[in-house]
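Visitor: Structure below; questions to follow.
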Amino acid sequence: MSTVDRNAVLHALHQRGSNLKKWCEAEGYGYRNASNVLRGISRANFGAGREIAEKLNALVGSTS
């Protein structure tokens with residue numbers, strides 16, 4: 109299971125001068141799907157939700 113720390117992701121995006129909507133457009137994901145992953149509504153166990161969770165976690169890891 110890929111859990112995503114919402115505040116850490118939003119902080120990492122803000123540090124890059126971006127936001128979730130811009131990130132989704134750049135990565136080719138739907139905003140609603142990414143938002144559901146970030147808010148914990150999507151469990152992100154497989155499929156696009158899991159890909160989104162892994163990329164958002166990598167984003168947080170790359171700014172640390």
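Using our numbering, you'd call the opening residue of the sequence shown number 109 and step up by one each time.
Note that the Cβ used here is the ideal one computed from N, Cα and C, for glycine as well.
1. Have a look at Thr-111, Ser-143, Asp-113, His-119 and flag the residue whose alpha-carbon is nearest the alpha-carbon of Thr-171.
2. May I ask you to report which of helix, strand or coil DSSP gives Arg-140?
3. By a C-beta neighbour count over all protein chains shown, 10 Å radius and 16 as the cutoff for buried, is Ala-166 buried or exposed?
4. Are there 16 or more other CB atoms within 10 angstroms of the CB of Ile-149, so buried, or fewer, so exposed?
5. So Ala-152 packs on Tyr-137, CB below 8 Å; how close in whole Å?
Guide: Quick answer:
1. Indexing the sequence shown from 1 puts residue 171 at position 63. For Thr-171, the nearest C-alpha among the options comes from His-119.
2. Numbered from its first residue, the sequence shown carries residue 140 at position 32. DSSP places Arg-140 in helix when its eight states are reduced to three.
3. Translated into the one-based positions of the sequence shown, residue 166 becomes position 58. Label assigned to Ala-166: exposed.
4. Position 41 of the sequence shown, counting from 1, holds the residue named residue 149. Ile-149 comes out exposed.
5. Reading the sequence shown from its first residue, position 44 is the one you call residue 152. Reading the sequence shown from its first residue, position 29 is the one you call residue 137. About 12 Å separates the two Cβ atoms, so there is no contact after all.
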